[in-house]
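Residue numbers (the numbering used here): 16 to 279.
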């Protein structure tokens, strides 16, 4: 029940999910396209900030040490929004520049042993891209729905086509205090009509009338951060989640029996 309660503004953080209706089925995704977070923030003043995470698995190398790692590209404000402090480096700039990387204390020891990791470079991927270590965190809290030992600057990924109708970016919104998330969610179809419909019309080669059906079948919605672990179980989650049903079951099993029942 304590999952994702560690961020300072956890009550105001929501993940943007996507539901798509097709052939009578509803497919639910916990990730959206690259432009969605910024587009929502720009459209609605109720949104204070957005941040994104993009998962990759690749080889990481330093001198003779090479291992396959789960990595995440993250926006420059990601660690601050999730209240994950740096124990080395400047939190304001650590993930700003392209080819920057923030590592956990555990990963730093794995590759650098007793060396100071700040300023050193890790080689990542088949293209041998060099990422300079600009920060170190202790670790992502255990009660988080994601766990990475390395965060790469999102600015490294250069996008020429900011699209809305694909997937891949786990996108989080920080809403202003006292914002009604449901009222904000009710206005998201406006953005589907403005951005998703033209993309579908172009990419699928259908008429505008056919593409406009996506306003009702392509739905962005907001999931509270603290609900992700126990209430979201899509096959695309960053990690396997729990299930609120088992919490209820085990709570009942753990409850002490009434005195009259025990006496019998």
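C-beta: ideal position from N, C-alpha, C; glycine also.
No experiment lies behind these values; they were computed from the predicted model shown.
Beta-carbon proximity of residue 167 to residue 116, cut-off 7 Å
The residue you call residue 167 lines up with position 152 of the chain shown. The residue you call residue 116 lines up with position 101 of the chain shown. Their beta carbons are under 7 Å apart, which means residue 167 touches residue 116 by this criterion.
With a Cβ-Cβ cutoff of 7 Å, do residue 214 and residue 179 count as a contact?
Taking the first residue of the chain shown as position 1, residue 214 is located at position 199. Taking the first residue of the chain shown as position 1, residue 179 is located at position 164. Between residue 214 and residue 179, the C-beta spacing is below 7 Å.
Quick check on this structure: which residue in 183, 139 and 231 has the alpha carbon closest to the alpha carbon of residue 77?
Numbered from its first residue, the chain shown carries residue 77 at position 62. Checking every option, the nearest Cα to that of residue 77 belongs to 139.
Delimiting residues of the alpha helix (DSSP H) encompassing residue 121
On the chain shown, position 106 is the one that residue 121 refers to. It spans 120–127 - the alpha helix (DSSP H) in which residue 121 sits, taken as one unbroken run.
Presumed contact (8 Å Cβ cut-off) between residue 240 and residue 200, rounded CB distance:
As a working note, residue 240 is residue 225 in the chain shown. As a working note, residue 200 is residue 185 in the chain shown. Contact flag wrong, Cβ pair sits at about 15 Å.
Note down, one range per segment and in chain order, each alpha helix (DSSP H) of at least 4 residues found wholly within the stretch 172–207.
Correct list: 196–200.
Let me check understanding here. Comparing Cα to Cα, which of 91, 101, 37 and 113 lies closest to residue 123?
Numbered from its first residue, the chain shown carries residue 123 at position 108. If we check each option's Cα against that of residue 123, 101 comes out closest.
State the Cα-Cα distance for the pair residue 93 and residue 233, rounded to the nearest angstrom.
Locating residue 93 in the chain shown gives position 78, counting from the first residue. Locating residue 233 in the chain shown gives position 218, counting from the first residue. Each residue's alpha carbon lies about 27 Å from the other.
Rounded C-alpha distance that separates residue 70 from residue 202
The count along the chain shown starts at 1 and reaches residue 70 at position 55. The count along the chain shown starts at 1 and reaches residue 202 at position 187. So the two alpha carbons sit approximately 29 Å from each other.
Exposed or buried, residue 142, counting other C-beta atoms within 10 Å across all chains shown (16 or more means buried)?
Counted from its first residue, the chain shown places residue 142 at position 127. It counts as exposed.
Span separating the alpha-carbon of residue 51 from that of residue 82
Taking the first residue of the chain shown as position 1, residue 51 is located at position 36. Taking the first residue of the chain shown as position 1, residue 82 is located at position 67. Cα-Cα distance, rounded: 33 Å.
Bounding residues of the beta strand (DSSP E) (the contiguous stretch that carries residue 40):
In the chain shown, residue 40 corresponds to position 25, counting from 1. For residue 40, the enclosing beta strand (DSSP E) covers residues 40–44.
Considering Cα atoms alone, identify which of 24, 132 and 127 is closest to residue 151.
To locate residue 151, count along the chain shown from 1; it is residue 136. Considering only alpha carbons, the answer is 132.
Report the option in 193, 242, 251 and 248 whose CA atom is closest to the CA atom of residue 61.
On the chain shown, residue 61 is found 46 positions in, with the first residue counted as 1. Cα-wise, what sits closest to residue 61 is 193.
Three-state secondary structure (DSSP) of residue 239
Start at 1 with the first residue of the chain shown, and residue 239 comes out as number 224. The DSSP-derived three-state label of residue 239 is strand.
Assuming residue 68 and residue 185 are in contact, meaning their beta carbons sit under 8 Å apart, how far apart are those beta carbons, in whole angstroms?
Taking the chain shown and counting its residues from 1, one reaches residue 68 at position 53. Taking the chain shown and counting its residues from 1, one reaches residue 185 at position 170. About 4 Å; that satisfies the 8 Å criterion.
Three-way DSSP call (helix, strand, coil) for residue 3 in this model:
The structure shown does not extend to residue 3, since the chain is modelled only from 16 through 279, so no value can be given for it.
Cβ pair residue 47, residue 36 closer than 7 Å
Locating residue 47 in the chain shown gives position 32, counting from the first residue. Locating residue 36 in the chain shown gives position 21, counting from the first residue. Their beta carbons are not under 7 Å apart, which means residue 47 does not touch residue 36 by this criterion.
Taking only runs of the alpha helix (DSSP H) that begin and end inside the stretch 55–114, which ones reach a length of at least 4 residues, in chain order?
Restricted to the stretch 55–114, the alpha helix (DSSP H) segments that are unbroken, complete and at least 4 residues in length are 93–96, listed in chain order.
Could you tell me whether the Cβ atoms of residue 197 and residue 164 are closer together than 7 Å?
Here residue 197 corresponds to residue number 182 of the chain shown, with the count starting at 1. Here residue 164 corresponds to residue number 149 of the chain shown, with the count starting at 1. No.
Report all residues from its chain with a CB closer than 7 Å to the CB of residue 98; omit the five preceding and five following residues, and keep chain order.
Here residue 98 corresponds to residue number 83 of the chain shown, with the count starting at 1. Only 21, 22 and 23 meet the Cβ criterion.
Per DSSP, what kind of secondary structure is residue 37 in: helix, strand or coil?
Start at 1 with the first residue of the chain shown, and residue 37 comes out as number 22. DSSP places residue 37 in strand when its eight states are reduced to three.
Evaluate residue 149 with the Cβ neighbour count: other Cβ atoms within 10 Å of its Cβ, from every protein chain shown; 16 or more gives buried, anything less gives exposed.
Within the chain shown, the letter at position 134 stands for residue 149. Buried, by the Cβ-count rule.
Helix, strand or coil: which one does DSSP assign to residue 223?
Your numbering for residue 223 matches position 208 in the chain shown. DSSP, read as helix, strand or coil, puts residue 223 in helix.
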